[in-house]
Amino acid sequence: MRGIPGVMYVRGRTQSDVQSWVDTVHGLRYKDYQLAAPVESIAGGEQGGSTLEMESPLGILEEVGTVKEIATSMEAKGIISWWRSAMGFARE
21 MRGIPGVMYV
31 RGRTQSDVQS
41 WVDTVHGLRY
51 KDYQLAAPVE
61 SIAGGEQGGS
71 TLEMESPLGI
81 LEEVGTVKEI
91 ATSMEAKGII
101 SWWRSAMGFA
111 RE
């Protein structure tokens, strides 16, 4: 069902920026809100070397219809292992 968040992922320039976003979402009081993974730094993704500034502009909202589409996006960003672990799909 579109319009109702199921999984949200945020990436920012600083850990503080991401924490602020997470705090705002928490304040919205979604019925079954759960923070799947703590706010942390993931430098350059698994493939390393890339920077946030070069990958995508800030303030972009991307809505997808399935968890599979999210996984594809996480793989493209080079953070699929982190995402699978955070979602409980794989052990670290």
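Numbering (the numbering used here), first residue to last: 21 to 112.
Glycine is no exception: its CB is placed at the ideal position from the N, C-alpha and C atoms.
Cβ neighbour criterion (16 or more within 10 Å) applied to residue i
i: Lys97; result: buried
DSSP three-state assignment for residue i, whether helix, strand or coil
i: Glu89; result: helix
i: Lys97; result: helix
Beta-carbon contacts of residue i that lie in its chain and below 6 Å, excluding the five residues immediately before and after
i: Gly68; result: A caution first: Gly68 carries a pLDDT of 47, below 50, which makes its placement in the model unreliable, though a value can still be read off. Cβ neighbours of Gly68 beyond the five flanking positions: none.
i: Ser40; result: none
Nearest-angstrom Cβ-Cβ length linking residue i and residue j, presumed shorter than 8 Å
i: Ile90; j: Val27; result: 6 Å
C-alpha gap between residue i and residue j, whole angstroms
i: Pro58; j: Leu81; result: 21 Å
i: Val42; j: Met107; result: 16 Å
i: Gln54; j: Phe109; result: 16 Å
Sequence-distant residues of its chain with Cβ nearer than 8 Å to residue i (five each side left out)
i: Val38; result: Val30, Arg31, Gly32, Val59
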